[in-house]
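The sequence shown maps to residues 1337 to 1439 in the numbering used here.
In this text, a Cβ means the ideal position worked out from N, Cα and C, and glycines have one as well.
These numbers come from a predicted model, not from an experiment.
Below is one structure, written out as structure tokens; comments come after it.
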Amino acid sequence: QLYFTSYCCVAALLVFWAAAVNAPSVAPITHIGLLPIGTAVGAIVSYGPVVVALLLCAVYDKMSWRWPFHKEKLLGAFGFFAFAGWAACLLPVYKFVSLLCTP
């Protein structure tokens, strides 16, 4: 839990920096490498916790990451609800944070 909590704290500080410090500044940073800052911060905040949780599950957990739905087909009910979860939770967070952090 320490790894996941640390990641979430760093992501929260990144959003604060990008939205409150960088965006209203006179000369804001607009890109991180090839990615616009809003896109990068939005992806880190919305998709990052899912990736970190799956990595921690792969390293430390002996059970399937899909438990208790491990018997469901990926393109069946599990896939439908995974897509619905992405559309209802991850996508709106990504869009909101990317708009908030774009200078």
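Asked, Found
"How many angstroms separate the CA atom of Pro1404 from the CA atom of Ser1361?", "48 Å"
"When you compare the CB positions of Cys1437 and Asn1358, do they come within less than 9 Å of one another, or not?", "yes"
"With a cut-off of 8 Å on the beta carbons, I'd call Ala1347 and Val1395 a contact; round off their distance for me.", "Not really, about 20 Å apart at Cβ, beyond 8 Å."
"Assign Tyr1430 to one of two classes, buried (16 or more other C-beta atoms within 10 Å of its C-beta) or exposed (fewer than that).", "buried"
"Closer than 6 Å by C-beta to Ser1400: which residues in its own chain qualify, once you throw out the five before and the five after it? Chain order, please.", "His1406"
"Looking at the unbroken alpha helix (DSSP H) that takes in Ala1369, where does it start and where does it end?", "The question names Ala, yet the displayed sequence has Gly at residue 1369. Run containing Gly1369: none; DSSP gives neither H nor E here."
"Closer than 7 Å by C-beta to Val1433: which residues in its own chain qualify, once you throw out the five before and the five after it? Chain order, please.", "Val1351, Val1377, Gly1378, Val1381 and Ser1382"
"For Cys1345 and Leu1435, what's the separation of their Cα atoms in angstroms?", "20 Å"
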